[in-house]
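Residue numbers (the working numbering): 61 to 261.
Note that CB positions come from ideal geometry on N, CA and C, so glycine has one too.
Bear in mind the structure is a predicted one, so any value in this text is a computation, not a measurement.
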């Protein structure tokens with residue numbers, strides 16, 4: 061059975077929207093995109109730590125929008141980059157409520173229907189780690205269903221004041237497994253999620 065690991069860049073106020081570029085995700089009139097990329101470009105050591113994968117990662121899971129935007133961006137970028145080979149070759153699963161969703165990139169499989177059901181089936185079918193990148197709406201639905209096992213959060217020392225936040229209204233208790241803070245103030249922390257019912261707050 062696979063574990064579900066969520067990897068995200070977040071601000072100090074919990075925003076995860078549009079970390080990579082100004083026009084990456086402008087929903088809600090968000091005009092502060094690129095905030096994480098700017099900081100990480102100044103701290104290559106932190107950037108490498110934020111991208112460090114685990115040897116047990118066997119597949120990637122996306123919501124439809126992140127799949128289209130993130131995978132499409134890196135696979136169409138001609139300059140050498142650290143993501144192309146991984147995003148092209150790693151099995152990719154895309155959760156979508158629409159059975160007709162087209163998946164134009166290689167090694168991609170559609171999970172049509174409600175994410176809590178389809179992703180539960182996926183975790184039972186695979187071993188190792190299933191890594192979720194971005195895909196905030198999907199992450200919140202999986203967290204509400206008690207499916208997230210671990211978060212790897214790169215926290216950027218900036219307060220954005222607005223934007224879509226990673227966490228919704230589902231409470232959770234997290235245990236720190238690994239933590240590293242860099243001179244820039246960026247931290248990369250791995251949290252294990254305690255099982256539903258453990259929350260005592």
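Who are residue 199's beta bridge partners in DSSP?
In DSSP, residue 199 forms no bridge with anything.
For residue 254, count neighbouring Cβ atoms within 10 angstroms of its own Cβ and tell me buried if that reaches 16, exposed if not.
exposed
Would the beta-carbon of residue 215 fall within 7 Å of that of residue 247?
yes
May I ask which residues mark the beginning and end of the alpha helix (DSSP H) holding residue 177?
175-185
Using 7 Å as the threshold, is the C-beta distance between residue 65 and residue 219 below it?
no
Count the other CB atoms, across all protein chains shown, that sit within 10 Å of the CB of residue 79; report buried if there are 16 or more and exposed otherwise.
buried
Taking the continuous alpha helix (DSSP H) assigned at residue 104, which residues delimit it?
Boundaries of the alpha helix (DSSP H) around residue 104: 104-111.
Specify, as a first and last residue, the run of the beta strand (DSSP E) that residue 156 falls within.
152-156
Quick check: the region 155-162 against the region 78-92, are at least 3 beta-carbon pairs closer than 8 Å?
By the criterion of at least three beta-carbon pairs nearer than 8 Å, the region 78-92 is not in contact with the region 155-162.
On the CB-based measure, 16 or more other CB atoms within 10 Å of its CB, does residue 87 come out buried or exposed?
Answer is exposed; the Cβ neighbour count stays below 16.
Between 250, 229, 100, which has its C-alpha nearest residue 237's C-alpha?
250
Less than 6 Å between C-beta atoms, sequence neighbours within five positions excluded: which residues of the same chain meet that for residue 252?
210, 235, 237
Pop quiz: residue 179 and residue 202 are said to be a contact at Cβ under 8 Å. What is the actual Cβ separation, rounded to whole angstroms?
By a beta-carbon distance limit of 8 Å, residue 179 contacts residue 202. Their separation comes to about 6 Å.
Go ahead and pull the three-state DSSP assignment for residue 228.
In the three-state reduction of the DSSP assignment, residue 228 falls in the coil class.
Classify residue 123 as helix, strand or coil using the three-state DSSP reduction.
strand
Where do the ends of the alpha helix (DSSP H) carrying residue 98 lie?
Counted as a single uninterrupted DSSP element, the alpha helix (DSSP H) harbouring residue 98 occupies residues 95-101.
Measuring only the C-alpha atoms, how far is residue 72 from residue 63?
26 Å
Quick check: the region 102-112 against the region 124-137, are there 3 or more CB pairs under 8 Å?
Contact fails: fewer than three Cβ-Cβ distances are below 8 Å.
Using a 10 Å radius around the Cβ and a threshold of 16 neighbouring Cβ atoms, would you call residue 185 buried or exposed?
exposed
Verify whether the separation of the beta carbon atoms of residue 241 and residue 204 is less than 7 Å.
With respect to the 7 Å criterion, residue 241 and residue 204 are not classified as neighbours on the basis of their beta carbons.
If we ignore side chains and look at the alpha-carbon of each, how far apart do residue 208 and residue 199 end up?
8 Å
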